[in-house]
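Colleague: Protein chains in written order, with the UniProt record's numbering: chain Z, 1 to 315; chain F, 1 to 315.
#1: Suppose the cutoff is 6 Å on Cβ atoms and the five residues either side in sequence are ignored; what does the same chain contact list for residue 263 (chain F) look like?
#2: Rounded to whole angstroms, what's the CA-CA distance from residue 136 (chain Z) to residue 162 (chain Z)? Just pull it up for me.
#3: At a CB distance below 9 Å, what residues from the region 112-123 of chain Z approach chain F? Give them in sequence order.
#4: Taking Cβ to Cβ, would you say residue 253 (chain F) is nearer than 8 Å to residue 285 (chain F)?
#5: CB-CB under 8 Å to residue 194 (chain Z), same chain, minus the five flanking residues each way: which ones, in chain order?
#6: Hey, could you find the ends of the alpha helix (DSSP H) residue 181 (chain F) is sitting in?
#7: Strictly below 7 Å CB to CB, what residues from chain Z border residue 176 (chain F)?
#8: Output yes if chain Z places a C-beta closer than 8 Å to the C-beta of residue 125 (chain F); else output no.
#9: Taking the alpha-carbon positions, what's the residue 257 (chain Z) to residue 168 (chain Z) distance?
#10: Would you grab the beta carbon distance between residue 219 (chain Z) and residue 142 (chain Z) for me? Rounded to a whole angstrom, and I think it's under 8 Å.
#11: Mind checking residue 313 (chain F): buried by the 16 CB within 10 Å criterion, or exposed?
#12: Looking at the structure shown, is residue 225 (chain F) part of a helix, part of a strand, or coil, going by DSSP?
#13: Would you tell me roughly how many angstroms separate the C-alpha atoms of residue 156 (chain Z) and residue 69 (chain F), rounded to the nearest one?
#14: Quick one, are the C-beta atoms of residue 191 (chain F) and residue 179 (chain F) less than 8 Å apart?
#15: Enumerate in chain order the residues of its own chain whose CB-to-CB distance from residue 260 (chain Z) is below 8 Å, with the five nearest sequence positions on each side excluded.
#16: Of the choices F:113, F:152, F:74, F:296, whose alpha-carbon is the least far from that of residue 173 (chain F)?
#17: Beta strand (DSSP E) containing residue 87 (chain Z): first to last residue?
#18: Just the Cα atoms here: how many angstroms apart are residue 55 (chain Z) and residue 304 (chain F)?
#19: Per DSSP, which one or two residues make a beta bridge with residue 341 (chain Z)?
#20: Measure the alpha-carbon distance for residue 207 (chain F) versus residue 228 (chain Z) and round it to whole angstroms.
#21: Mind checking which residues open and close the beta strand (DSSP E) that includes residue 114 (chain Z)?
#22: Distance check for residue 187 (chain Z) and residue 124 (chain Z), CA to CA, integer angstroms please.
#23: Among Z:128, Z:103, Z:315, which residue has its Cα nearest to the Cα of residue 181 (chain Z)?
#24: May I ask you to report which of helix, strand or coil DSSP gives residue 73 (chain Z)?
#25: Would you tell me roughly how many angstroms separate the C-alpha atoms of residue 100 (chain Z) and residue 73 (chain Z), rounded to the nearest one?
#26: Would you say residue 88 (chain Z) faces chain F, with C-beta separation under 8 Å as the test?
#27: Can you name the residues of chain F whose CB is closer than 8 Å to the CB of residue 95 (chain Z)?
#28: On the criterion of 16 or more Cβ atoms from any shown chain inside 10 Å, does residue 251 (chain F) qualify as buried, or is it exposed?
#29: In angstroms with no decimal places, state the Cα-to-Cα distance between residue 138 (chain Z) and residue 153 (chain Z).
#30: Does any residue of chain F have a CB that is nearer than 8 Å to the CB of residue 106 (chain Z)?
#31: For residue 306 (chain F), would you say it is in contact with chain Z, using Cβ-to-Cβ distances shorter than 8 Å as the test?
#32: Excluding sequence positions up to five away, which residues of its chain have a Cβ less than 7 Å from the Cβ of residue 107 (chain F)?
#33: Report the rounded CA-to-CA distance for residue 271 (chain F) versus residue 230 (chain F), giving the unit in angstroms.
#34: Given 7 Å as the limit, tell me if residue 267 (chain F) has its C-beta closer than that to any heavy atom belonging to the ligand COA.
#35: Beta-carbon separation of residue 77 (chain Z) and residue 241 (chain Z) under 8 Å?
Laid out in structure tokens, this is it:
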């Protein structure tokens, strides 16, 4: 066990000074440092302020703030975690979001959208979970992927010989970055927007979903791989929750009666958010049932919940 | 993308003061904060020192140093990671090590030995990996577990109806803590040191291994679940590496000719340490072959390497 550590930072003032003012100003910094301070009044010789850091605080690695490469990407619940980032591979602003691809020694390239870790090259577990964890038979099936710009799902699904996969991604620049720098995730599937059994539409998925619902277009599987707070070109709803319900509702209009809908949920301990989400599932245009699975996605550094949703069988 | 943030901390000194001395003393703190400072000399009115923090540094959650519950357990390569710890369940010093069991909302109880995260209740993946990832048939077999005081391996193996499992754990207090607080990991298998098909010896495994080797005792499987830097009652070797090779050498004396040895290695990116370890495998009393697997153990927050070692088939 690390011995208690003790470190002092002494500074002497050359003349009498307003120690109280100095202390007040410094307090917030020292509080964060976990330092206790004591001020000794040397009468007219000035003030000696001593700040003591103890109990192994220096055991902690220093935070490298304002460094050239940002290694810190807090978790869904705001915990501080440091990644082994050694290179900024891609950093662009699209009309919709900031797109970074950073290299981690252990996770490979990581896609970070507007500060949220989305997907790393190590994260096949995410793709497998959102595809139903190996329990589905995709051959000869019609599929819709919402979002998915990193190409991970598309890449795995085309291997399984589907009939047709339609992927609707709003941000061309995510595709541009990932087809170049996330090839362990997407392979060559993003090199063309059309393939034998797939097509990628660069569009906002809301109008597309409405169109499909209107046309009566149906899919065997719908996979929601949108960002946690989805982007919209024309936000119709007042709140994120209403928007999520709109997407859910529209998404449940296009699976066949015996079709399935897969989506990622949230961090396993955000129980309130998960409950709210499950509540939304009870308010869709048709009654549905759902199951969930807790999955360890390597680069997330926190356990994640994935949902499978399907229409309740008609009596 | 987060807008650049700007925060100033101003403090005025009531009279002329030795600004340079103050600055020197404060520099190390502000450097860690990533603050730039400028000092304005107001001539005889004193010094105004301004410290500016910018570029989203306040985006980072504050480090809660010297808090009641330590949430920070750095990784193998010294990265700062914050766990969602909300309770100290167990904290004792045994004659060999400090034993903490801390509760994490998502990982359940976590066993931390002398500051190293060893095992959490969420980490079945560790146990499965060190048991050969489902590829082995343990029924009717003789097995030796070195260490394993959290009971995870023993618990999973007795379900598979082995002939006899011998577990050699040096620290009774690890067993005491885990049988009480890690029951999702060990079930009830640590409630007694003897069962139908197992026995737990509270001993240093080195003399036990030497005894078994001398007696010609052989096992189908040997699983090394010792701590990364193993404890010994009488260190015979000068360095940790020599000690690790001693354990490896002794461990390879007790499997049958077609037996297997499983162990955890290290963090996937500690390539030098892993190479050194593999080099040790080439210097044992008999020639061996090995394979390795990279596994995501949920509570580790870093990818881990597991080894399978077996004796080279005789010509």
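Ideal placement from N, C-alpha and C gives every residue a C-beta, glycine not left out.
Please read these numbers as outputs of a predicted model, since none were measured by experiment.
Modeller: A quick look at the data gives this:
#1: 224, 307
#2: 12 Å
#3: 114, 115, 122
#4: yes
#5: 200
#6: 172-181
#7: Residues of chain Z passing the Cβ test: none, with the nearest at roughly 18 Å.
#8: yes
#9: 22 Å
#10: 5 Å
#11: exposed
#12: strand
#13: 43 Å
#14: yes
#15: 132, 136, 220, 221, 222, 308, 309, 310
#16: F:113
#17: 85-93
#18: With a pLDDT of only 36 at residue 55 (chain Z), under the threshold of 50, the placement of this residue in the model should not be trusted; the figure read from the coordinates follows. Each residue's Cα considered, the two are about 30 Å apart.
#19: In the structure displayed, chain Z extends from 1 to 315; residue 341 (chain Z) sits before or after that span and is not available.
#20: 55 Å
#21: Unbroken run through residue 114 (chain Z): none, as it is neither H nor E.
#22: 12 Å
#23: Z:103
#24: coil
#25: 12 Å
#26: no
#27: Near residue 95 (chain Z) there are no residues of chain F at all, since even the closest Cβ is about 13 Å away, more than 8 Å.
#28: buried
#29: 12 Å
#30: yes
#31: no
#32: 120, 121, 122, 298, 299
#33: 20 Å
#34: Only the bare structure without any ligand can be found here, which leaves the ligand COA out of the picture.
#35: no
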